[in-house]
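Following: one structure in structure tokens, then a few remarks.
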Amino acid sequence: MDSKPHHVNAPTVYNSVFNSVQFWDGRAAHLAAQAAGPMTAMPEMASTPELVEQRLKSIPAYVSEFKAAFNSDVSFELVTTAIGIFERTLVTPSRFDKFLEGDEAALSGAEKKGLKTFIDKGCATCHNGINLGGTLQPFEVAGKYEFANLGDFKGDANGLVKAPTLRNIELTAPYFHNGAVWSLKDAVKMMGSVQLGIEINDKEAADIVTFLNSLTGKMPKVEYPSFPASTEKTPKPELDY
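Numbering (UniProt numbering), first residue to last: 1 to 241.
In structure tokens, the structure reads:
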């Protein structure tokens, strides 16, 4: 990626282990491959694999922790592997999962009605599987996306875009690959016209949103570590005054 900032909405890392592909254009097949992206992207951390290794190897605590965890020296490959292993723990089970396991009482009557509307309207065509998304799908199937010109992202080489997971969707505004829509109800209605070629009215959209809110799950407990201090040997940032 070049050094120019790109207008792209960062996807949630929660439940990303269930995605079939990573990044909006699906260019990473798994979490470890995705983890390499931000570290080496110029608009983000603008580092190199060699510099990442140098920095971590200059800090004794990291050297010993990598040796303990992997019985190996620090390497960029193991750095991305470690990040991917951590991200696999970021799973948020929801009431909808209990419903799928046979607990009819896990969803309210209104949520079940919203689920039926979600299925009947065709939303599950793209948002399916364990993550209700996370696979590459055609975009602008039936109509034009109003904010298509916001940013320069156009999907993969075939114009496919990763359908975002709907888990915790009420918590992850703004919506779509360029973050152009802040209302979940508006996002639902927009996808009706853009993807399905139908009009989803306000009542139907509200019913679907009621169901989508049941996908908000229990967040995992994350214990944040104390990071070891850098040393005199740690490469310093290059400042451009």
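Ideal Cβ placement from N, Cα and C applies to all residues, glycine included. Quick caveat: nothing in here was measured; it's all calculated off a predicted structure.
Runs of 4 residues minimum, wholly inside the stretch 56-104: which ones carry the alpha helix (DSSP H) assignment?
60-70, 76-87 and 95-100
Pull up the DSSP beta-bridge partners for residue 136, would you.
162
From residue 77 to residue 205, what distance separates their C-alpha atoms?
44 Å
Within the same chain, show all residues whose beta-carbon is closer than 6 Å to that of residue 55, passing over the 5 residues directly before and after it, in chain order.
234 and 235
Roughly how far, in whole angstroms, is the beta-carbon of residue 209 from the beta-carbon of residue 185, given that I think they are within contact range, below 8 Å?
5 Å
Report, in whole angstroms, the separation of the C-beta atoms of residue 162 and residue 26, which I expect to be a contact under 8 Å.
5 Å
Integer-rounded CB distance, given that residue 177 should sit under 8 Å from residue 24:
5 Å
Expressed to the nearest angstrom, what Euclidean distance is found between the alpha-carbon atoms of residue 8 and residue 151?
7 Å
Closer than 7 Å by C-beta to residue 75: which residues in its own chain qualify, once you throw out the five before and the five after it? Chain order, please.
53
Per DSSP, cross-strand counterpart(s) of residue 175
181
Measuring CA to CA, which of 149, 203, 131 and 38 is closest to residue 93?
131
For residue 36: DSSP bridge partner residues:
Looking at the DSSP assignment, residue 36 forms no beta bridge with any residue, so it has no partner.
In its own chain, which residues sit with a C-beta less than 7 Å from the C-beta of residue 192, not counting the 5 before and 5 after it?
121, 198, 199 and 200
Measure the C-alpha to C-alpha separation of residue 12 and residue 63 and round it to an integer number of angstroms.
30 Å
Which listed residue (43, 22 and 42) has its alpha carbon closest to that of residue 33:
22
Just grab the DSSP bridge partners of residue 22 for me.
28
What first and last residue would you give for the alpha helix (DSSP H) that runs through residue 110?
109-120
Endpoints, alpha helix (DSSP H) assigned at residue 13:
Run containing residue 13: none; DSSP gives neither H nor E here.
Of the choices 175, 109, 170 and 116, whose alpha-carbon is the least far from that of residue 216?
170
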